[in-house]
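A.B. asks: Chains C and L supply the protein sequences, listed in that same order. First residue of the first sequence: 42, per the numbering used here; consecutive thereafter. First residue of the second sequence: 9, per the numbering used here; consecutive thereafter.
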Amino acid sequence: MEACAPLVDLPEVGVKYEVELPDGARQIGVRRADEGGWWVSVDGGAERLVQGTKVGTAEWLLTQEGVTRKHAVYLDGEHVYAQHQGHAVRGTVIDPRGAALAAGSASTAGEVSTPMPGVVVRVLVAEGDSVTEGQVLLVVEAMKMENEYTAAIDGTVATVHVAAGETVEANTVLVSITPS
Amino acid sequence: MNLRPFKRVLVANRGEIAVRVIRGCHERGIEAVAVYSDADANALHVRVADAAYRIGPAASAESYLRADVILDVARRAGCDAIHPGYGFLSENAGFAQQVLDAGLVWIGPPPASIDAMGEKTAARRRMSAAGVPVVPGTTEPVSDPAEVVRIASEIGLPVMLKAAAGGGGKGMRRVDRAEDLANALASAQSEARKSFGDDSVYVEKFVVGPRHIEIQVLADGHGNVVHLFERDCSIQRRHQKVVEEAPSPALPEKTRQEMAAAACRAAEAVGYVGAGTCEFLLGADGAFHFLEMNTRLQVEHPITEMITGVDLVQAQLRVAAGERLWFEQSELARTGHAIELRIYAEDASSGFRPAPGPLHGYREPTGPWVRVDSGVVEGMEVPIHYDPMIAKLVVWGVDRQQAIDRAGRALRHYHVVGTHTSIPFFLALFEDPDFRAGEYDTGFISPEWLEAHLSAPGGLEGEAIAAAIAAFERDSRAAVGTDEAAEAGSAWKRAHRWSTYRRWA
Numbered sequence: 042m043e044a045c046a047p048l049v050d051l052p053e054v055g056v057k058y059e060v061e062l063p064d065g066a067r068q069i070g071v072r073r074a075d076e077g078g079w080w081v082s083v084d085g086g087a088e089r090l091v092q093g094t095k096v097g098t099a100e101w102l103l104t105q106e107g108v109t110r111k112h113a114v115y116l117d118g119e120h121v122y123a124q125h126q127g128h129a130v131r132g133t134v135i136d137p138r139g140a141a142l143a144a145g146s147a148s149t150a151g152e153v154s155t156p157m158p159g160v161v162v163r164v165l166v167a168e169g170d171s172v173t174e175g176q177v178l179l180v181v182e183a184m185k186m187e188n189e190y191t192a193a194i195d196g197t198v199a200t201v202h203v204a205a206g207e208t209v210e211a212n213t214v215l216v217s218i219t220p221s
Numbered sequence: 009m010n011l012r013p014f015k016r017v018l019v020a021n022r023g024e025i026a027v028r029v030i031r032g033c034h035e036r037g038i039e040a041v042a043v044y045s046d047a048d049a050n051a052l053h054v055r056v057a058d059a060a061y062r063i064g065p066a067a068s069a070e071s072y073l074r075a076d077v078i079l080d081v082a083r084r085a086g087c088d089a090i091h092p093g094y095g096f097l098s099e100n101a102g103f104a105q106q107v108l109d110a111g112l113v114w115i116g117p118p119p120a121s122i123d124a125m126g127e128k129t130a131a132r133r134r135m136s137a138a139g140v141p142v143v144p145g146t147t148e149p150v151s152d153p154a155e156v157v158r159i160a161s162e163i164g165l166p167v168m169l170k171a172a173a174g175g176g177g178k179g180m181r182r183v184d185r186a187e188d189l190a191n192a193l194a195s196a197q198s199e200a201r202k203s204f205g206d207d208s209v210y211v212e213k214f215v216v217g218p219r220h221i222e223i224q225v226l227a228d229g230h231g232n233v234v235h236l237f238e239r240d241c242s243i244q245r246r247h248q249k250v251v252e253e254a255p256s257p258a259l260p261e262k263t264r265q266e267m268a269a270a271a272c273r274a275a276e277a278v279g280y281v282g283a284g285t286c287e288f289l290l291g292a293d294g295a296f297h298f299l300e301m302n303t304r305l306q307v308e309h310p311i312t313e314m315i316t317g318v319d320l321v322q323a324q325l326r327v328a329a330g331e332r333l334w335f336e337q338s339e340l341a342r343t344g345h346a347i348e349l350r351i352y353a354e355d356a357s358s359g360f361r362p363a364p365g366p367l368h369g370y371r372e373p374t375g376p377w378v379r380v381d382s383g384v385v386e387g388m389e390v391p392i393h394y395d396p397m398i399a400k401l402v403v404w405g406v407d408r409q410q411a412i413d414r415a416g417r418a419l420r421h422y423h424v425v426g427t428h429t430s431i432p433f434f435l436a437l438f439e440d441p442d443f444r445a446g447e448y449d450t451g452f453i454s455p456e457w458l459e460a461h462l463s464a465p466g467g468l469e470g471e472a473i474a475a476a477i478a479a480f481e482r483d484s485r486a487a488v489g490t491d492e493a494a495e496a497g498s499a500w501k502r503a504h505r506w507s508t509y510r511r512w513a
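What follows is the structure, encoded as structure tokens:
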């Protein structure tokens with residue numbers, strides 16, 4: 042799951058998590074709020090603004106409708122540990138798209154693509170190169186800024202789809218990496 | 009009289025009691041040396057000691073029970089005394105003798121006293137001879153099932169079968185019907201063999217509606233013995249104490265005096281030196297009977313400290329150094345009420361099944377007259393190799409009601425994430441009107457009580473939202489490949505920084 046990492050499309054679009062706790066299953070939609078915090082919906086209900094932060098290893102302070110409450114929660118992969126009124130709580134938090142993907146083809150796992158149109162300035166790797174997580178693969182200029190695209194996983198470059206000087210559309214796959 | 013103050017003590021234990029003893033040593037300007045197994049390499053007791061030595065792999069038998077290794081550490085570390093804590097080697101007369109033979113001070117009673125009280129049937133005989141009432145039963149161990157049946161019909165069912173070399177609730181079986189005796193004997197023997205290396209069992213009458221009440225005694229090496237009142241330890245599960253309070257809510261003053269006098273007689277009868285505890289059963293009929301004497305410091309000693317103002321670990325150190333008791337019985341008084349709750353890594357809703365695990369979140373409660381004796385810190389894993397007690401929550405109040413309210417508040421402020429604990433059980437216990445009224449005996453925590461009082465956690469929407477937000481933040485960070493600093497700022501900036509952005513079809 043970690044090799045396929047980011048499952049967040051645009052933070053503004055949001056993710057719907059399936060949260061399973063001892064008192065039942067809930068679908069919790071989360072998307073980032075421009076004013077800070079998140080817009081959260083529970084089981085398809087109306088979104089509400091939730092703001093706050095993690096304050097300790099296993100502690101969050103969240104404010105909704107002007108009321109701030111503490112939640113003793115710790116996330117370890119898909120596993121959730123919490124404490125509520127003294128009770129130890131265990132459960133899971135799953136992004137159903139990630140689960141489907143993990144079950145699906147591995148070939149999409151190492152794709153690097155652009156969120157917006159731009160021009161490829163420099164290509165720093167070639168097919169067959171070994172790359173490591175965090176390694177810069179290419180540089181794309183967009184909005185008058187240079188954007189470095191790095192590998193999120195260790196692997197081998199399978200295909201470089203673009204060349205320096207090429208104009209690219211949004212959502213173009215630039216490089217495909219086979220995870221090692 | 010020779011005073012022999014020591015400079016460096018080896019604390020032959022682990023967890024909360026090792027930390028407790030180290031604190032006592034440091035308060036008296038004595039250096040403390042810790043020992044640790046591989047499972048405890050980063051433990052709290054190792055961190056607070058002046059120096060620490062590895063004694064073996066995780067299993068107790070290969071570490072904390074290795075008398076030879078521990079003595080070797082004492083020599084190498086230049087220790088002049090050893091404090092054994094409770095459990096492990098603390099009531100091992102052979103080890104105590106080895107410590108003395110090595111020329112070190114043993115912070116505990118003489119080996120002969122340990123022996124006198126260690127074998128329970130011998131202890132019963134001795135107490136009887138000293139005029140201390142004992143629970144009717146055998147004065148010799150029995151192993152013949154036919155003999156057990158005969159004795160049981162003589163003293164009357166129900167009976168308790170108990171390990172003669174035992175303690176801590178292990179190797180005990182209650183038997184109500186004669187046809188169950190043979191079976192119960194076999195399993196008590198087997199448990200005794202495993203826990204104590206000795207399968208001798210004895211038979212005692214089962215006292216109905218009993219309260220477990222113990223008296224703390226303190227004796228110096230000059231023949232002076234005092235008592236520091238009682239502790240009521242009747243709230244138990246699997247014969248192990250989980251709640252203790254001092255004073256007992258159910259002890260008439262006259263009975264208190266009689267029990268305390270009996271405890272002092274018991275200590276004198278075995279030439280006791282140091283801190284020890286005489287355990288009694290108080291029947292519903294108001295009569296009390298000697299159960300056993302623990303020739304060491306007890307887990308629940310803090311509640312006695314809270315009501316008397318006497319630091320028992322410091323007292324042990326002073327007595328062991330040869331000091332004469334510095335107070336008379338008449339100077340000892342008790343004030344207020346103290347309660348101890350043993351915080352175990354256990355799942356009360358699954359029959360108190362031990363549930364060691366990670367302490368992802370851990371923060372002890374504190375505040376006025378709230379004391380937590382623990383050996384754990386946040387981030388640790390509760391080891392599977394030892395007793396699953398994480399900490400002792402101890403509170404004092406001006407009266408029992410305040411102590412109960414204070415303990416309830418402290419429980420609600422006890423932050424533990426990652427591991428089941430006995431906290432929800434205690435919260436339920438504190439709601440029980442019988443407990444609040446002080447009306448309970450050792451049979452209080454029955455399966456029926458648990459069924460009726462323990463609830464499953466509910467109302468977890470807030471936690472579900474926090475968990476989803478936590479997942480969202482983690483997944484966003486992975487997408488961006490940067491830290492929180494990158495999250496701040498405009499959407500354009502964020503888009504710019506998405507160097508490993510992916511879109512899933």
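A virtual CB, placed ideally from N, CA and C, is assigned to each residue, including glycine.
Could you run through the segment 332–351 of chain L and flag, in chain order, every residue whose CB is less than 8 Å away from some CB of chain C?
C.D. replies: none
A.B. asks: Would you decide whether L:Lys2 is buried or exposed? Buried here means 16 or more other CB atoms lie within 10 Å of its CB.
C.D. replies: Since the first residue shown for chain L is 9 and the last is 513, residue 2 of chain L is missing from the structure and cannot be characterised.
A.B. asks: Looking at C:Ala99: is its Cβ nearer than 9 Å to the Cβ of L:Val425?
C.D. replies: yes
A.B. asks: Going along the segment 74–88 of chain C in order, which residues come within less than 8 Å of chain L, judged by CB to CB distance?
C.D. replies: Asp75, Trp79, Val81 and Val83
A.B. asks: Does DSSP put L:Cys87 in a helix, in a strand, or in coil?
C.D. replies: In this structure, DSSP gives L:Cys87 a state outside helix and strand, which the three-state scheme calls coil.
A.B. asks: Does the Cβ-Cβ distance between L:Ala59 and L:Val41 come in under 9 Å?
C.D. replies: yes
A.B. asks: Could you work out which residues of chain L lie near C:Pro63, taking near to mean beta carbons separated by less than 9 Å?
C.D. replies: Near C:Pro63 (Cβ distances below 9 Å), the residues of chain L are Ala464, Pro465, Gly466 and Leu468.
A.B. asks: Could you name the residues of chain C that L:Phe438 contacts, counting a contact when the two beta carbons are closer than 9 Å?
C.D. replies: The premise fails here: L:Phe438 is roughly 11 Å from chain C at the closest Cβ pair, so nothing lies under 9 Å.
A.B. asks: Using 9 Å as the limit for Cβ to Cβ distance, is L:Ile30 near chain C?
C.D. replies: Answer no: the Cβ-Cβ gap between L:Ile30 and chain C never drops below 9 Å.
A.B. asks: Return the first residue and the last residue of the beta strand (DSSP E) that C:Val130 is part of.
C.D. replies: His128 to Ile135
A.B. asks: Is L:Asp407 helix, strand or coil by DSSP?
C.D. replies: coil
A.B. asks: Can you have a look at C:Ala87 and say buried or exposed, based on whether 16 or more other CB atoms are within 10 angstroms of its CB?
C.D. replies: Flag for C:Ala87 reads exposed.
A.B. asks: Taking DSSP as the reference, what is the three-state secondary structure of L:Phe335?
C.D. replies: Note: L:Phe335 maps to coil in three-state DSSP.
A.B. asks: Does the beta carbon of C:Leu165 come closer than 9 Å to any beta carbon on chain L?
C.D. replies: Not an interface residue.
A.B. asks: With 16 other CB atoms within 10 Å as the buried threshold, where does L:Ser198 fall?
C.D. replies: exposed
A.B. asks: Any beta-carbon of chain C closer than 9 Å to the one on L:Thr429?
C.D. replies: yes
A.B. asks: When the distance is taken between beta carbons, is L:Ile453 closer than 9 Å to L:Ile398?
C.D. replies: Here L:Ile398 is not near L:Ile453, since their CB atoms are 9 Å or more apart.
A.B. asks: Give a yes or no on whether 9 Å exceeds the smallest Cβ distance from C:Val172 to chain L.
C.D. replies: The C-beta of C:Val172 comes no closer than 9 Å to any C-beta of chain L.
A.B. asks: When burial is assigned at 16 or more other CB atoms within 10 Å of the CB, is L:Leu11 buried or exposed?
C.D. replies: exposed
A.B. asks: For a cutoff of 9 Å on Cβ pairs, would you count L:Ile473 as touching chain C?
C.D. replies: yes
A.B. asks: Taking contact to mean 3 or more Cβ pairs, one atom from each stretch, closer than 8 Å, check whether the segment 377–394 of chain L and the segment 258–274 of chain L are in contact.
C.D. replies: no
A.B. asks: By the criterion of Cβ-Cβ separation under 9 Å, what are the contact partners of C:Val198 in chain L?
C.D. replies: None at all; the shortest Cβ gap to chain L is about 14 Å.
A.B. asks: Can you check whether the C-beta of C:Ala205 is within less than 9 Å of a C-beta belonging to chain L?
C.D. replies: Contact of C:Ala205 with chain L is not assigned, every C-beta pair being separated by 9 Å or more.
A.B. asks: Terminal residues of the continuous alpha helix (DSSP H) containing L:Thr312?
C.D. replies: Start and end: His309 to Thr316.
A.B. asks: Along the segment 111–140 of chain C, where does the CB come closer than 8 Å to a CB of chain L? Name the residues.
C.D. replies: His112, Ala113, Val114, Tyr115, Leu116, Asp117, Val121, Tyr122, Ala123, Gln124, His125, Gln126, Gly127, His128, Ala129, Val130, Gly132, Val134, Asp136 and Arg138
A.B. asks: Buried or exposed: where does L:Asn21 fall if 16 or more other Cβ atoms within 10 Å of its Cβ makes it buried?
C.D. replies: buried
A.B. asks: Near L:Ala295, which residues of its chain fall below 8 Å by C-beta distance, leaving aside the five closest residues on each side in sequence?
C.D. replies: Pro141
A.B. asks: Measure from the C-beta of L:Val424 to each C-beta in chain C and report whether the shortest distance is under 9 Å.
C.D. replies: yes
A.B. asks: To the nearest angstrom, report how far apart L:Arg182 and C:His112 are at their CA atoms.
C.D. replies: 44 Å
A.B. asks: Between L:Ala75 and L:Leu112, which are expected to be in contact by the criterion C-beta below 8 Å, what is the C-beta distance as a whole number of angstroms?
C.D. replies: Not a contact, Cβ separation roughly 12 Å.
A.B. asks: Which residues bound the alpha helix (DSSP H) around L:Pro8?
C.D. replies: With chain L covering 9 to 513 only, the question about residue 8 of chain L has no answer from this structure.
A.B. asks: Between C:Val160 and chain L, is any beta-carbon pair separated by less than 9 Å?
C.D. replies: no
A.B. asks: Rounded to whole angstroms, what's the CA-CA distance from L:Ala353 to L:Val251? Just pull it up for me.
C.D. replies: Roughly 15 Å separates the two Cα atoms.
A.B. asks: DSSP has C:Lys95 in a bridge; who is on the other side?
C.D. replies: C:Trp101
A.B. asks: When the distance is taken between beta carbons, is L:Gly365 closer than 9 Å to L:Arg417?
C.D. replies: no
A.B. asks: Checking contacts by CB at 9 Å: is L:Phe480 closer than that to chain C?
C.D. replies: yes
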